[in-house]
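Structure below.
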């Protein structure tokens, strides 16, 4: 008897196909993180400041140095406008000079390249304070006759002031009161002793009193001479 193997093979193949299930393959290996994208570039707005180099005020008649500081921008990209009061302003590259001609408020506006205001600074412009007149380094009091006669004039100085200024003395009156009550008086032009004043000081003796009065001084920024302190000395 001869048997055909074909039906048997078909049966085995069919049973094997029915028993197969769909296979899902998974990869449990760690995967590398994707590279980080570069952060977007951000343009920082300029940070601008204005300051007076000497003091936090401006002095009338003086050249006041002003400094402009900026971050994230070139100093040459800014323009400064001055308003409020008469003044002269010049400079470049962050270094400027301003000379006010009157007391009051002075406003400095900083503009960028397109004319937009990026900073503002308000200063007070003040007149130079009155100086103190001295004979040598003395404001008065007892003095030896020899030391007094060695002086050649009086001078006007500004105490504790950031600017080195020369103030002009237009003149004064010198009075000698002798120990017996006699009075001699001369007028002097300028701060340096002239002939009559030198002659009067040379005659000074112990017990005499010398008075410097009607002293007139003009400092930079002053439109006219002003009266300042008097001096009184007693010769020893």
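In the working numbering, the protein residues as written are 162 to 397.
Using N, Cα and C, we set each Cβ at its ideal position, and we do this for glycine too.
Less than 8 Å separating the beta-carbons of residue i and residue j?
i	j	result
residue 365	residue 306	yes
residue 385	residue 379	yes
residue 294	residue 211	no
residue 257	residue 248	no
residue 304	residue 396	yes
residue 349	residue 333	yes
residue 361	residue 347	yes
residue 292	residue 264	no
residue 254	residue 228	no
residue 312	residue 302	no
residue 287	residue 243	no
residue 352	residue 382	no
residue 340	residue 320	no
residue 260	residue 245	no
residue 275	residue 209	no
residue 336	residue 372	yes
residue 309	residue 213	no
residue 273	residue 250	no
residue 223	residue 289	yes
Would DSSP call residue i helix, strand or coil?
i	result
residue 261	strand
residue 352	coil
residue 310	helix
residue 272	strand
residue 286	strand
residue 237	helix
residue 326	coil
residue 277	coil
residue 343	coil
residue 181	Confidence is the limiting factor: at residue 181 the pLDDT is only 48, short of 50, which leaves the residue's position unreliable, though a coordinate-based value still follows. The answer is coil: DSSP assigns residue 181 none of H, G, I, E or B.
residue 162	With a pLDDT of only 48 at residue 162, under 50, the local geometry of the prediction cannot be trusted, and the value read off the model is given with reservation. In the structure shown, residue 162 sits in coil (DSSP, three-state: anything other than H, G, I, E or B).
Note the first and the last residue of the continuous beta strand (DSSP E) segment covering residue i.
i	result
residue 294	293-295
residue 226	225-232
residue 318	316-318
residue 252	248-253
Which one or two residues does DSSP pair with residue i in a beta bridge?
i	result
residue 396	304
residue 222	BP columns for residue 222 are empty, so no partner.
residue 360	DSSP lists no partner for residue 360.
residue 332	350 and 377
residue 266	285
residue 256	228 and 253
Ignoring anything shorter than 4 residues, give me the alpha helix (DSSP H) runs that lie fully in the stretch 365-392, in order along the chain. none
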